[in-house]
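First comes the structure, then the notes that go with it.
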Ligand SMILES: Cc1ncc(COP(=O)(O)O)c(C=O)c1O
Ligand SMILES: Cc1ncc(COP(=O)(O)O)c(C=O)c1O
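Chains as they are written, first to last, in the numbering used here: chain A, 58 to 220; chain B, 58 to 220; chain C, 71 to 480; chain D, 71 to 480.
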């Protein structure tokens, strides 16, 4: 059984206690997306401003556990000001780090699943690496990905609206 | 486990091979009732003429196993020409003989059930006593009661129509 | 007649489990109960010696299987005081299907545009979503009894809300607050107003003596897996005259008298509502669970769980003070053993995660009662709920774990 | 790779049973199969070590239970060649519910007054009554493919009958005739005509290699209890894009994203279709049944059952001659191991009763296929059906018992 310290790293507790980019941007002009974790009732609201191919600003609101809140805080810090290409790349990297277990929920246990996973180069993701331990707690993965899914949905919606 | 001879008494096989009162009375004037055994697909058609408080005539048709056919034949022989009061009394007696087991299907086994049953005076029912063994084969009870239920339903319908 | 919890615990194999190096402390019986050996043995013995499809075979095992299935029906009915169990119990896959059955069958046959269905703010989604779905189709007016500051139903507006109501659907015990609702006066008022009453008994039937005649309701839904029985089976008790007048719900084998290519004739109730091969082994398990609970005695179960609830409410207040809030009524006759907790501002998910390290099984989340969460002003709670196999040590470990969560997230 | 029936028989505890002084001869697998020890052990071990409600807990056993439940979903999908099992398998209580789900959810969303649904005369009530019920509500036109003199589907009028059809619902294998229908051309023609295809796999999935892509169908329904698994669980496989577009069926916990007092938001498929606590232990059992069948190999199962069917058809003709009629196609690739018998004019009930004295389990009746009975011109048949655990001795005892019935009713 994995240790609690794998889950609650210091960086996570720090972002949980002092979340960055918390709040809501005025919408419009900001684009607003709501996400639900139907399993536990957590809700997240992500507001974002995209301009000239860049994610100019982002904030998150809503309620959630230390994992969902710190993940949203870490996400906002990581993506704000980045080009949309970089943001999408980061979403992919993060989701693949998190989906390790989900994908393998098939017949094998978590440990096997971890071994099979395509390695994520943690040096490319900075502080986000602190969330790596979450994959050892499969039910918490949905907490960690909640805000990321909302961000991805928002970018998709904006792309569709623009096209 | 009860013996097959308890079920297939000679009288039963005789009424099965040479059914009495088989056929359909013209309807109208006869009253016609269909019965189904949903579990096995057996169908019975009972046609009857009631006049002056007496069951003047009765015939049965349809398809069924030796138990349902012989029971219909035995029934027709037993009730034809009887007063409605006597017919109803006979239906009650027969059904109580048959419901011994059904009623006790609760938690106790068939043997217990038999012991608990209110005794039916077999001398009052003549040849019908041959069907007594059916209660030891609970799934066959529905075969034996199929035509009786149709008869009872017919009498009820006639009574309602008359009132 | 007190209940001997030490002896009872030995019947539950899962209590021998060790989690994170600690003996398991199972406090999630409101979600699902554990199963005692006699229930598992009854199902295993059924599969090993008797299994056959029911109702259609004449051979020995088919007849025995039918008898065991039907005798489980009688046991399931007797357990809730059904006047005529053999006719009045419909087996479903869970309590949720039982409520959906009433909504679809009774509801479509009896409700019209504008009719009022009265629910409460404390209902489980199982007793909300079927009515929301039906309302989308028929255009009903859904009204709600409110929940007061102590977690009790506010019945002061009952008569007004019953005006125009055709159905009242209300939980006999809340799965979040532990509130045991006093259904009799609600049912009486509903009947006086011409409404039919469905009780969601998913939480009450496993933990309290329940008698449908005493409650005065018309339908009662419950699940086996919350009352020491297996997953995969629930029951609907319904008044015979109501069931007899209801159209079928699901179509298929076993629920018909005759089928032609252009029409069919449904069978009598309860067969009419049981399409396809039923949960036979599960019925056998439910029957064994009923016998187990009857042997312990539901009065004794309630007394034990009540004293445990009293102990927990007291100990939490003593040892954790203002750090911990328990939603729902104070200790008392109308307080069941469900403890929905808030601990400072630590999120329930995090609480449950820390408690898991102590082997303690509690459930974080909205407990399928999102509207009630909004009333309580929280998005989730951590819920500890007791069963007849819990004892005071379990509560002590719970409190120990909560204190540790406080240190970690302090 | 032949199947070692002697070894397999040892895995099935019920085969040790003695009935009327004779070892049981179980020939009723079309009604329900027996369960091997590994299936029973998997469920027992689940209850004893892991049981918890799924999807909502963070503690260890809840997580394990969720994982075991979801991995059973993957196994159930893989077994029928589902391209994306985790998304495309909905657990139901039985095959019947799976078909009702399609009728109620897909049907109500996609069918309008006058739309044609094409069925066949050989369907089980499970694949008739849901469409009759839906038709009563929506006013559909139900058409039927006919059954020819050899018990095969007459597809000569297929294109004409497909005109205007929105749905084709057809059995992959008849539970009365043993006919294995060639679904691919039917599905291709249906798709060309713009119809969606549902296959009733209740009989095919347990006895043949089944691959939804090879069959070319859009939905497939089946039951665990006919494929060595437990009662209380079935599965619907559906094409992901169809499932994603379908409205919910039953309402309750687990199938929502959000619930408010005046509306709700459904979850994604497959959760959207699984309201309430699912059959968790049953899913574990189904997963174990799939593993058992995969280990034996479905090709080997089919080969064994086919050779047993060939033997039975030959031996019945040899030893009973004209006294005994077996309905359905002659021995061959499209002939499954279901033998519906008529023996002189002895009623099937009486045949089965006599056979019971020999320990032989066969089923008399209409087999939930009353329209087909009318086509065959009988009110019932006595049906003997084989499973992977049967051998030629079982057939010999069957024939011995039939001959005795001939003497008794001669
Ligand atoms: C062809 C066919 N379809 C459907 C069913 C229904 O299966 P279940 O009773 O498990 O729902 C059966 C079995 O009874 C069957 O043989
Ligand atoms: C009050 C209440 N109603 C209904 C249900 C639904 O029960 P099930 O999930 O067994 O259908 C539950 C349990 O989840 C409950 O607590």
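From the three backbone atoms N, C-alpha and C, an ideal C-beta is built for every residue, glycine too. If you're wondering where the values come from, they're calculated on a predicted model, not measured in any experiment.
Residue i: CB within 7 angstroms of a non-hydrogen atom of ligand 2
i, result
"residue 99 of chain C", "no"
"residue 404 of chain C", "no"
"residue 341 of chain D", "no"
"residue 295 of chain C", "yes"
"residue 245 of chain C", "yes"
"residue 346 of chain D", "yes"
"residue 197 of chain C", "yes"
"residue 304 of chain C", "yes"
"residue 277 of chain D", "no"
"residue 194 of chain C", "yes"
Which listed residue (the options) has its alpha carbon closest to that of residue i
i, options, result
"residue 148 of chain A", "A:217, A:207, A:63 and A:79", "A:207"
"residue 176 of chain D", "D:318, D:376, D:353 and D:87", "D:318"
"residue 91 of chain C", "C:323, C:426 and C:392", "C:426"
"residue 466 of chain D", "D:390, D:452, D:289 and D:80", "D:390"
"residue 171 of chain C", "C:93, C:129, C:355 and C:197", "C:197"
"residue 236 of chain D", "D:253, D:181 and D:285", "D:181"
"residue 80 of chain D", "D:438, D:423 and D:105", "D:105"
"residue 115 of chain B", "B:155, B:152, B:204 and B:156", "B:204"
"residue 463 of chain C", "C:178, C:88, C:83 and C:94", "C:94"
Cβ-heavy atom distance, residue i to ligand 1, below 7 angstroms
i, result
"residue 16 of chain C", "Because chain C spans 71 through 480 in this model, residue 16 of chain C falls outside it and cannot be assessed."
"residue 241 of chain D", "yes"
"residue 47 of chain D", "Residue 47 of chain D lies beyond the residue range present for chain D, which begins at 71 and ends at 480; the question has no answer from this structure."
"residue 270 of chain D", "yes"
"residue 431 of chain D", "no"
"residue 438 of chain D", "yes"
"residue 273 of chain D", "yes"
"residue 121 of chain C", "no"
"residue 322 of chain C", "yes"
"residue 72 of chain A", "no"
DSSP bridge partner residues for residue i (one or two, in chain order)
i, result
"residue 530 of chain D", "Because chain D is modelled from 71 through 480, residue 530 of chain D falls outside the range shown and cannot be assessed."
"residue 307 of chain D", "D:159 and D:290"
"residue 276 of chain C", "DSSP output for residue 276 of chain C lists no bridge partner at all."
"residue 116 of chain A", "A:104"
"residue 240 of chain C", "C:269"
"residue 326 of chain C", "C:336"
"residue 93 of chain D", "D:88"
beta-carbon residue i near ligand 3 non-hydrogen atom, thresh 7 angstroms
i, result
"residue 248 of chain D", "No copy of ligand 3 occurs in the structure displayed; its ligands are ligand 1 and ligand 2 alone."
Would you list, in chain order, the members of the region 430-445 of chain D that have their beta-carbon closer than 8 angstroms to a beta-carbon of chain B?
-> Under the 8 angstroms Cβ criterion, the region 430-445 of chain D contributes 434, 435, 436, 440 and 443.
Does the region 200-207 of chain C touch the region 294-307 of chain C, meaning 3 or more C-beta pairs lie closer than 8 angstroms?
-> no
Quick one: which residues of the region 327-355 of chain C get their C-beta closer than 7 angstroms to a C-beta of chain B? List them in chain order.
-> 327, 328 and 337
The region 245-264 of chain D in contact with the region 398-410 of chain D per 3-pair CB rule at 8 angstroms = yes
Closer than 8 angstroms, Cβ to any Cβ of chain B: which residues of the region 115-143 of chain C, in chain order?
-> Those residues of the region 115-143 of chain C that come within reach of chain B (Cβ to Cβ, closer than 8 angstroms) are 125, 126, 127, 128, 130, 132, 133, 136, 137, 140 and 141.
Does the region 428-448 of chain D touch the region 89-104 of chain D, meaning 3 or more C-beta pairs lie closer than 8 angstroms?
-> yes
Decide if the region 121-128 of chain A is in contact with the region 192-212 of chain A; the criterion is three or more beta carbon pairs, one per stretch, under 8 angstroms apart.
-> Contact between the region 121-128 of chain A and the region 192-212 of chain A is present, because at least three Cβ pairs lie under 8 angstroms.
Can you give me, in chain order, the residues of the region 287-316 of chain C that have a beta carbon less than 7 angstroms from any beta carbon in chain D?
-> 293, 295, 300, 301, 302 and 303
If we count Cβ pairs, one from each stretch, closer than 8 angstroms, do we get three or more for the region 132-140 of chain A versus the region 106-117 of chain A?
-> yes
Does the pairing of the region 322-342 of chain C with the region 172-186 of chain D give three or more beta-carbon distances under 8 angstroms?
-> no
Can at least three beta-carbon pairs, one atom from the region 106-118 of chain C and one from the region 467-480 of chain C, be found at a separation below 8 angstroms?
-> By the criterion of at least three beta-carbon pairs nearer than 8 angstroms, the region 106-118 of chain C is not in contact with the region 467-480 of chain C.
Can at least three beta-carbon pairs, one atom from the region 132-148 of chain C and one from the region 372-388 of chain C, be found at a separation below 8 angstroms?
-> no
Contact list for the region 193-212 of chain A against chain D, Cβ threshold 8 angstroms = 194, 195, 196 and 197
Validate contact between the region 151-165 of chain D and the region 303-316 of chain D using beta carbons, cut 8 angstroms, 3 pairs | yes
Per the contact definition of three or more C-beta pairs closer than 8 angstroms, is the region 354-369 of chain D in contact with the region 442-457 of chain D?
-> The way I'd put it, the region 442-457 of chain D doesn't touch the region 354-369 of chain D; fewer than three beta-carbon pairs between them come closer than 8 angstroms.
Counting pairs of Cβ atoms below 8 angstroms between the region 97-104 of chain B and the region 59-78 of chain B, do you hit three or more?
-> Contact annotation: the region 97-104 of chain B does not touch the region 59-78 of chain B, with fewer than three C-beta pairs closer than 8 angstroms.
Validate contact between the region 346-365 of chain C and the region 137-154 of chain C using beta carbons, cut 8 angstroms, 3 pairs | yes
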